[in-house]
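**Student:**
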Amino acid sequence: MFSLLILAHPCHSLSLPDPEGALRFSLGGEVSVLNPILSTDSVSSAVEGAIFSGLVTVNEKLEMVPDLAERWAVSPDGKTWTFHLRKNVRWHDGVPFTAADVKFTFDSILNPKVNSVRRSDFIIDGKPIEFRVVDRHTVQALLPQPFAPFLINAGIGIIPKHLLADKDINRARFNRRPVGTGPFIFKEWRAGDRVTVERNSGYYLGKPLLKQIVYKEIPDANSRLVALEAGEIDEADIPPKDYTRMKAARGVNVYEYDALLYTYLGFNLANPKFADRRVRQALAYATDKKQLVGLIFRGLASPAYAPSAPVSWAYSDRVPKYDYDPEKARRLLKEAGKENLEFTILVNQGNKEREKAAVILQQQYKKVGVKVNVRVLEWSALLKIVNAPKDPKDFEAVIMGWSLGLDPDAYAIWHSSQYPKGFNFVKYKNPAADKLLEQGRTTIARNRRRAVYRRLWDLIAADQPYIFLWYPKIVTGVGERVGGLSKPGPAGLFLHLEKVYIRK
Numbered sequence: 031m032f033s034l035l036i037l038a039h040p041c042h043s044l045s046l047p048d049p050e051g052a053l054r055f056s057l058g059g060e061v062s063v064l065n066p067i068l069s070t071d072s073v074s075s076a077v078e079g080a081i082f083s084g085l086v087t088v089n090e091k092l093e094m095v096p097d098l099a100e101r102w103a104v105s106p107d108g109k110t111w112t113f114h115l116r117k118n119v120r121w122h123d124g125v126p127f128t129a130a131d132v133k134f135t136f137d138s139i140l141n142p143k144v145n146s147v148r149r150s151d152f153i154i155d156g157k158p159i160e161f162r163v164v165d166r167h168t169v170q171a172l173l174p175q176p177f178a179p180f181l182i183n184a185g186i187g188i189i190p191k192h193l194l195a196d197k198d199i200n201r202a203r204f205n206r207r208p209v210g211t212g213p214f215i216f217k218e219w220r221a222g223d224r225v226t227v228e229r230n231s232g233y234y235l236g237k238p239l240l241k242q243i244v245y246k247e248i249p250d251a252n253s254r255l256v257a258l259e260a261g262e263i264d265e266a267d268i269p270p271k272d273y274t275r276m277k278a279a280r281g282v283n284v285y286e287y288d289a290l291l292y293t294y295l296g297f298n299l300a301n302p303k304f305a306d307r308r309v310r311q312a313l314a315y316a317t318d319k320k321q322l323v324g325l326i327f328r329g330l331a332s333p334a335y336a337p338s339a340p341v342s343w344a345y346s347d348r349v350p351k352y353d354y355d356p357e358k359a360r361r362l363l364k365e366a367g368k369e370n371l372e373f374t375i376l377v378n379q380g381n382k383e384r385e386k387a388a389v390i391l392q393q394q395y396k397k398v399g400v401k402v403n404v405r406v407l408e409w410s411a412l413l414k415i416v417n418a419p420k421d422p423k424d425f426e427a428v429i430m431g432w433s434l435g436l437d438p439d440a441y442a443i444w445h446s447s448q449y450p451k452g453f454n455f456v457k458y459k460n461p462a463a464d465k466l467l468e469q470g471r472t473t474i475a476r477n478r479r480r481a482v483y484r485r486l487w488d489l490i491a492a493d494q495p496y497i498f499l500w501y502p503k504i505v506t507g508v509g510e511r512v513g514g515l516s517k518p519g520p521a522g523l524f525l526h527l528e529k530v531y532i533r534k
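As numbered in my numbering, residues 31 to 534 make up the sequence shown, in order.
1. For Ile263, count the other beta carbons within 10 Å of its own beta carbon; 16 or more makes it buried, fewer makes it exposed. Which is it?
2. Do Leu115 and Glu100 have their CB atoms nearer than 8 Å?
3. How big is the Cα-Cα spacing for Asn454 and Ala442?
4. Determine, using beta-carbon pairs with one atom in the stretch 382-399 and one in the stretch 358-369, whether at least three such pairs fall under 8 Å.
5. Pairing CB atoms from the stretch 426-441 with CB atoms from the stretch 276-295, are three or more of them under 8 Å?
6. Rank Glu426, Ala202, Gly380 and Ala387 by C-alpha distance to the C-alpha of Asn298 and give the top, closest one.
7. Flag this pair as yes or no: are the beta carbons of Asp250 and Glu468 separated by less than 8 Å?
8. Is it buried or exposed, Ala331, if we count other Cβ atoms within 10 angstroms and call 16 or more buried?
9. When burial is assigned at 16 or more other CB atoms within 10 Å of the CB, is Leu172 buried or exposed?
10. Among Tyr354, Ala463 and Asp272, which one has its Cα closest to the Cα of Ile490?
11. In whole angstroms, what is the alpha-carbon distance linking Arg533 and Glu510?
12. With a CB to CB cut of under 7 Å and the five nearest residues on each side skipped, what residues in its chain are close to Pro270?
13. According to DSSP, is Pro40 part of a helix, a strand, or is it coil?
14. Who are the near neighbours of Thr135 in its chain, counting only those whose CB is closer than 7 Å to its CB and skipping five residues on each side?
15. Where does the unbroken alpha helix (DSSP H) through Phe134 begin, and where does it stop?
16. Need the endpoints of the alpha helix (DSSP H) that Trp487 sits in, please.
17. Please determine if the stretch 503-520 and the stretch 274-282 are in contact, where contact requires at least 3 C-beta pairs separated by less than 8 Å.
18. Closest to Pro126 by CA distance: which of Leu193, Lys420 and Thr226 is it?
19. How is Ile546 classed by DSSP in three states: helix, strand or coil?
20. Measuring CB to CB, does Pro179 end up less than 8 Å from Asp437?
21. Once you ignore the five residues that flank Val147 on each side, which residues in its own chain have a CB closer than 7 Å to its CB?
22. Confirm, please, whether the CB-CB distance from Asp223 to Ala300 is below 8 Å.
23. From which residue to which residue does the beta strand (DSSP E) around Asn283 run?
24. Between which two residues does the alpha helix (DSSP H) harbouring Phe327 extend?
25. Alpha carbon to alpha carbon, how far is Phe113 from Ala312?
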């Protein structure tokens, strides 16, 4: 049990959690939708994490542990998963949670009429996973064949059948007024301003110590830092330029840790400017990543070369690296007939690192005769462009990042079937990569899977549909008044929101 008497931070006397405490988060953009089977962005997911629960969740060691399912079993052939659900769970409107809700959620993801980018997570070699209700508190997943990422994918937030069964999920009022089973209950969404959630006193893992969480929209990184220093919010990323100052600041604790993230410059391969691989390789040779990372991060990031992160067990740094070589870049551009290349990079407003990167790349590419324009867009406007379900899409290049799952399965990002309605919005298409992506999902032994993904990373790095830019260190400032944080690591500081508290 969580003790109410808490060992205080050195700056505090012994302090109790304030039962009226409100945690104030900031969001780097506008929430797009509050439905975990529809959302595609980290801003929406951040809020959904407080409202919804999955069958399973992750702990600080990145292991899968029970959540709505109290236990599970898998058949010897790896094709039948049986989940035994908790019996004491209610939706926020008081209706009991049952196996029917679980089946409804996964059936909805698999329904082609529902705009879910998660569909490929539950289709194996073209065959959907079948979900079956055994009894009120038992549900089975019947897989066409063993599927390595299945348990992790099963952690997606479950949605209520009784509120959505007869609705068009894509346009349901629910998506702005969600009802979940998580530790916090949706209260209010003020567009362009904030989302507020309140304590779920009936939460099955124990009554949360916070009364309320306010997610305030502050797109600009500098503004978020000012708000943290002023005590208006309780947590914000620390930009590299402010790192030394914030480490010495009073009232804020600074945490740093590695994460499953990378940032990239992605090209629209449906655009004739980037159809030739030599053009993309030329731009990779023209990219001085060491300079880029040095100027922006001052040691708080490292150059990226593969579509994985160093903290992943499937990472490999033995991929084509395209070390900075402007002469080679010029030669490849000439061979491809693109000496006078000009294109526009889209970047999201308020992300100062990406904005700076766009300007630095503009200068680096100018040295090899390439003209780059930079267009800064509000986050939701940028998402609308890259996620538009059409071919071709209306962008040339974009700087974005991927927050990766615990499993290295990257089918949703790279498989050719995931265009134009999936995460493969750059239209990457390589039959050999498709085969490896399919193989990686159905290979169970970790050492064999690792070998598959190393071959895949080699292929993708050779094709350069993205120029992989950097692996950032997460550097976060949290107000001293906040307690109950998780151990710093890839799973994040606020892993167990019900245990987070504000000191009296």
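Each residue gets a CB set at the ideal place from its N, CA and C atoms; glycine is no exception. All values derive from a computational prediction rather than experimental measurement.
**Tutor:** The short version:
1. Residue numbering aside, residue 263 sits at position 233 when the sequence shown is read from its first letter. Ile263 should be labelled buried.
2. Walking along the sequence shown from the start, residue 115 turns up at place 85. Walking along the sequence shown from the start, residue 100 turns up at place 70. Cβ atoms of Leu115 and Glu100: closer than 8 Å.
3. Taking the first residue of the sequence shown as 1, we reach residue 454 at position 424. Taking the first residue of the sequence shown as 1, we reach residue 442 at position 412. Rounded to the nearest angstrom, the two C-alpha atoms are 7 Å apart.
4. yes
5. Yes, since at least three Cβ pairs between the stretch 426-441 and the stretch 276-295 fall closer than 8 Å, the two stretches touch.
6. Sequence index remark: in the sequence shown, residue 298 carries index 268 (1-based). When each option's Cα is compared against that of Asn298, the closest is Glu426.
7. Within the sequence shown, numbered from 1, the residue matching residue 250 stands at position 220. Within the sequence shown, numbered from 1, the residue matching residue 468 stands at position 438. Not a contact, by the Cβ cut-off of 8 Å.
8. As a first step, residue 331 is located in the sequence shown; it is residue number 301 there, counting from the start. So Ala331 ends up on the buried side.
9. Numbered from 1 along the sequence shown, position 142 holds the residue referred to as residue 172. In summary, Leu172 is exposed, with fewer than 16 beta-carbon neighbours lying within 10 Å of its beta-carbon over all protein chains present.
10. As a position in the sequence shown, residue 490 is number 460, starting the count at 1. Taking only the C-alpha atoms, the option nearest Ile490 is Ala463.
11. Residue 533 sits at position 503 when you count from the first residue of the sequence shown. Residue 510 sits at position 480 when you count from the first residue of the sequence shown. Taking the straight line joining both Cα atoms gives about 9 Å.
12. Taking the sequence shown and counting its residues from 1, one reaches residue 270 at position 240. Taken in chain order, the residues that qualify are Ile326, Phe327, Arg328 and Leu330.
13. As a working mapping, residue 40 is identified with position 10 in the sequence shown. With a pLDDT of 37 at Pro40, under the threshold of 50, the modelled position of that residue is not reliable, and the figure given next carries that caveat. Of the three classes helix, strand and coil, the one that applies to Pro40 here is coil, per DSSP.
14. Counted from its first residue, the sequence shown places residue 135 at position 105. Ile67, Ile188 and Ile189.
15. The residue given as residue 134 occupies position 104 in the sequence shown. Where Phe134 is concerned, the enclosing alpha helix (DSSP H) stretches over Ala129 to Leu140.
16. Residue numbering aside, residue 487 sits at position 457 when the sequence shown is read from its first letter. Arg476 to Asp493 is the span of the alpha helix (DSSP H), which, as asked, contains Trp487.
17. Yes: at least three Cβ pairs fall under 8 Å.
18. As a first step, residue 126 must be located in the sequence shown, where it is residue number 96. For Pro126, the nearest C-alpha among the options comes from Leu193.
19. No statement about residue 546 is possible, as the shown extent of the chain runs from 31 to 534 and does not include it.
20. Residue mapping note: residue 179 aligns to position 149 of the sequence shown, counting from 1. Residue mapping note: residue 437 aligns to position 407 of the sequence shown, counting from 1. Yes; because the gap between Cβ atoms is below 8 Å, this pair is in contact.
21. Within the sequence shown, residue 147 is the residue found at index 117, counting from 1. Counting only Cβ-Cβ distances below 7 Å, and skipping sequence neighbours, we find Thr70, Ala442, Gly452 and Phe453.
22. Within the sequence shown, the letter at position 270 stands for residue 300. Within the sequence shown, the letter at position 193 stands for residue 223. No, they are not a contact pair.
23. Counting from one through the sequence shown, the residue named residue 283 turns up at place 253. Per DSSP, Asn283 belongs to the beta strand (DSSP E) from Val282 to Tyr287.
24. For this step, residue 327 is matched to residue 297 along the sequence shown. Element bounds for Phe327: Lys319 to Phe327.
25. Taking the first residue of the sequence shown as 1, we reach residue 113 at position 83. Taking the first residue of the sequence shown as 1, we reach residue 312 at position 282. Answer to the nearest angstrom: the Cα atoms are 50 Å apart.
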